[in-house]
Amino acid sequence: MKPWHFAILAIGVIIVSKILSKPKLKHFAPSEFGAWYPLMNSELLQKLDALREELGSPIHVSPVNGALGRHGGSGDHSQHNVDMWGEVRAIDVFPTLNGEYITTAQQRQTVYDAARKVGFTGIGLYTDTQPGNMLHVDVRTDKTESQPALWSRVGGDYMGIGEVLA
Numbered sequence: 001m002k003p004w005h006f007a008i009l010a011i012g013v014i015i016v017s018k019i020l021s022k023p024k025l026k027h028f029a030p031s032e033f034g035a036w037y038p039l040m041n042s043e044l045l046q047k048l049d050a051l052r053e054e055l056g057s058p059i060h061v062s063p064v065n066g067a068l069g070r071h072g073g074s075g076d077h078s079q080h081n082v083d084m085w086g087e088v089r090a091i092d093v094f095p096t097l098n099g100e101y102i103t104t105a106q107q108r109q110t111v112y113d114a115a116r117k118v119g120f121t122g123i124g125l126y127t128d129t130q131p132g133n134m135l136h137v138d139v140r141t142d143k144t145e146s147q148p149a150l151w152s153r154v155g156g157d158y159m160g161i162g163e164v165l166a
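Here it is, written out as structure tokens:
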């Protein structure tokens, strides 16, 4: 075997071990997280699955580039940035209620309350997205479940989360 064969084999072993160490999810398949799945934080996956259970309606992973992981270098402190954290700690999703994308303040309140109950440490609601309002959730370590980072985005402007809730 050539030396580079060992390197490829070692990378394969690392990826397989990361995949096998992921929690069993009831509502999501690894394929929904694409190539980022091996780098997804296990706590994030468990809480996302619990959120889906709490809402009783599908949650769709955003197809936008960067909605899962991204390579932002050492200067980007986004919870999506695997270069900073060594894993994906955040996900952008489109939750539904009764099978419909959320679009109203009351629906956002329901989703927000469920995200708080599940215990995310970062929660953002975006009203300027399609096909419905988007939810960012993360498991940042500099905040707590009782004191999470909270924000919203309306028309491209960031503001307090209370601005979009009922």
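Going by full-length UniProt numbering, the sequence shown opens with residue 1, and the numbers climb by one from there. Just so you know, even glycine gets a beta-carbon here, dropped at the ideal spot from N, CA and C. In this text the structure is predicted, and so the values were computed from the model without any measurement.
Which one or two residues does DSSP pair with residue i in a beta bridge?
i: Asn81; result: Arg70
i: Tyr158; result: Arg153
Who are the near neighbours of residue i in its chain, counting only those whose CB is closer than 7 Å to its CB and skipping five residues on each side?
i: Leu97; result: Leu55, Ser57, Gln107, Thr110
i: Lys143; result: Thr121, Gly122, Ala149
i: Gly73; result: Asp83
Is residue i helix, strand or coil when you go by DSSP?
i: Pro131; result: coil
i: Ala29; result: coil
i: Asp76; result: coil
i: Ala35; result: helix
Of all the options the options, which has the alpha carbon lying nearest to the alpha carbon of residue i?
i: Ser133; options: Glu145, Leu44, His60; result: In the sequence as presented, Ser is not what sits at residue 133; that position holds Asn. Taking only the C-alpha atoms, the option nearest Asn133 is His60.
i: Trp85; options: Gly34, Gly75, His136, Ala114; result: Gly75
i: Arg89; options: Asp49, Phe28, Leu39, Lys26; result: Leu39
i: Tyr112; options: Gly99, Val93, Gln130; result: Val93
i: Asn81; options: Asp138, Ala166, Gln147, Gly34; result: Asp138
Report all residues from its chain with a CB closer than 6 Å to the CB of residue i; omit the five preceding and five following residues, and keep chain order.
i: Val164; result: Arg108, Leu125, Thr127, Ser152
i: Pro30; result: Tyr37
Ignore the nearest five residues each way along the sequence and tell me which others in residue i's own chain have a CB closer than 8 Å to its CB.
i: Ile161; result: Tyr112, Ile123, Gly124, Leu125, Leu150, Trp151, Ser152
Counting only runs that start and end within the stretch 99-155, where is the alpha helix (DSSP H) found for 4 or more residues in a row? Correct list: 105-118.
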